[in-house]
Amino acid sequence: MKKDWTTKLIHSDSQVPEGFSSLVSPLYRGSTVLFPQAAAANDHWNQHEVGYTYGLYGTPTTLELAAKVCELEKGFRTFITPGGQGAIALIHFALLKAGDHVLLPESIYGPNRMLANGVLRRFGVEASYYPPLAGREIETVFRANTRVVWCESPGSITMEVQDVPAIAEVAHRHGAIVALDNTWSSGIYFDAFAHGVDVTMQALTKYIGGHSDLLLGSVTAPDAAMYERLGATCQLLGCAASPDDCSLALRGMKTLAVRLKTVERSAYAVAQFLQERSEVEAVLHPALPSCPGHEIWKRDFTGSSGLFSFVFHQRVTREQVQAFVDALKLFKIGYSWGGVTSLAMAYDFHSPKRPSYGSRIVRLYVGLEDVDDLKTDISQALQSLIS
Ligand SMILES: Cc1ncc(COP(=O)(O)O)c(C=O)c1O
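Just so we're aligned: the sequence shown equals residues 877 to 1263 in this note's numbering.
Have a look at this one:
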């Protein structure tokens, strides 16, 4: 058929050589998926079952990332979401309905709490909170309509390591599902499904991305039944993840092992260094006995990561804590972690439900810089407490 040049822009007859073979996974973008004939058109979300139908449900790039995260978490299948918070929302919306009750630890990631307190309550779901160090005692706060129990171990900022198997045992007896935010361990250092968890999520934004340049999340199901429960909601919430970001995450994954090992070693060294400082009251690093739940970390985890907190002595004021953070040169001030750059953030907790660290708590993320340089940076910033 003869074609005008404007048609050729869209329906080209140009050729490229075949047979390209490289170490890099191809990047597949696309919203429209083509069907071979009219009768084959289909818009089911489960691309594993019916083949590719629509870019919203994943291109081969999205599904490659999902499959690799799933392999590491030893799950059945994984959904990729536009961010970690999107993964949290997917779990809530897929597993809860009006009249249900959800339990969350006091140490849960802040926006997860805000979603439960705000949107979920508006939709008729009750939310209440339990002390993160509760094991079997969590039974006392169960209600007849408790359907989902969240865990996040260690907890955000205050770092309590949870007795997930004990919580799961109680939850299962009450017919409730255990959901875990497994971002801290990157799905590697805590084998969630072997410890009784029913569904996991991670912010891939952190370690899997690894370079502070993308936002993605994952939700992993251990079996076909949970996968089906999540899938329909995932479709209707429009959880589209950019294949470009997935491609970056696939690249990040290749260096995950060396990055995780380095940040584990360096963060532990920085934590030990802080433990010796007279200005510091406690170091909340799961691999140190001063961290609440340390014994559980020893029992259930196979490693630690780059994120921990420490608490200044009572005599240190809020202004001094902020001056310390401001005086750091290598540690930058910013949210989100898991990249190559070390970060520091001062927090202010005045809830009666959390340990009374007040404004003396600082969270550090240790990146890939030389660990002696990081210690020197902290030492010079601690000088600001004296001057
Ligand atoms: C423990 C935890 N879960 C979830 C999230 C949310 O991830 P995202 O920033 O990709 O939405 C974060 C982000 O800080 C986090 O720290």
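In this text, a Cβ means the ideal position worked out from N, Cα and C, and glycines have one as well.
Own chain partners of residue i with C-beta closer than 6 Å, once the 5 adjacent residues on each side are dropped
i, result
"isoleucine 1172", "Val1037 and Asp1039"
"tyrosine 1065", "Phe1177, Thr1178 and Gly1179"
"arginine 1105", "Ala970"
"alanine 1158", "Ser1166 and Val1187"
"valine 1247", "Ser1142 and Ala1145"
"alanine 943", "none"
Outcome for residue i when other beta-carbon atoms lying within 10 angstroms are tallied against a minimum of 16
i, result
"glutamate 940", "buried"
"threonine 1057", "Reading the sequence as shown, one finds aspartate at residue 1057 and not threonine. The residue is buried, with at least 16 neighbouring Cβ atoms inside 10 Å."
"serine 1029", "buried"
"arginine 953", "buried"
"alanine 963", "buried"
"serine 1094", "buried"
"glutamine 1078", "buried"
"arginine 1230", "buried"
"tryptophan 921", "buried"
"threonine 1034", "buried"
Same chain only: Cβ atoms within 7 Å of residue i, ignoring 5 sequence neighbours per side
i, result
"isoleucine 1117", "Reading off the sequence shown, one finds alanine at residue 1117, where the question assumed isoleucine. The answer, listed in chain order, is Thr938, Ile956, Thr957, Pro958 and Leu1092."
"alanine 1042", "Gly1011 and Arg1012"
"aspartate 1249", "Leu1206"
Other residues of its chain near residue i: CB distance less than 8 Å, five sequence neighbours each side excluded
i, result
"histidine 887", "Lys879"
"serine 907", "Tyr930, Gly931 and Leu932"
"arginine 997", "Ala1003"
"phenylalanine 1149", "Lys1251 and Ile1254"
Cβ pair residue i, residue j closer than 7 Å
i, j, result
"alanine 1147", "leucine 1136", "no"
"threonine 1076", "threonine 1096", "yes"
"glycine 1182", "alanine 1143", "yes"
"isoleucine 1014", "valine 1054", "no"
"serine 1032", "proline 1008", "no"
"proline 987", "glutamine 961", "yes"
"leucine 1244", "threonine 1138", "yes"
"leucine 972", "arginine 1023", "yes"
"valine 1017", "alanine 1052", "no"
"glycine 1261", "glutamine 1196", "What sits at residue 1261 in the sequence shown is leucine, not glycine. Yes; because the gap between Cβ atoms is below 7 Å, this pair is in contact."
"leucine 1080", "serine 901", "no"
"glycine 1210", "proline 1098", "no"
"leucine 1160", "phenylalanine 1184", "yes"
Residue i beta carbon near ligand 1 (any heavy atom closer than 6 Å)
i, result
"alanine 915", "no"
"threonine 908", "no"
"glycine 1114", "no"
"glutamine 961", "yes"
"tyrosine 930", "no"
"aspartate 1248", "no"
"leucine 1091", "yes"
"serine 1062", "no"
"serine 1180", "no"
"alanine 1079", "yes"
"tyrosine 985", "yes"
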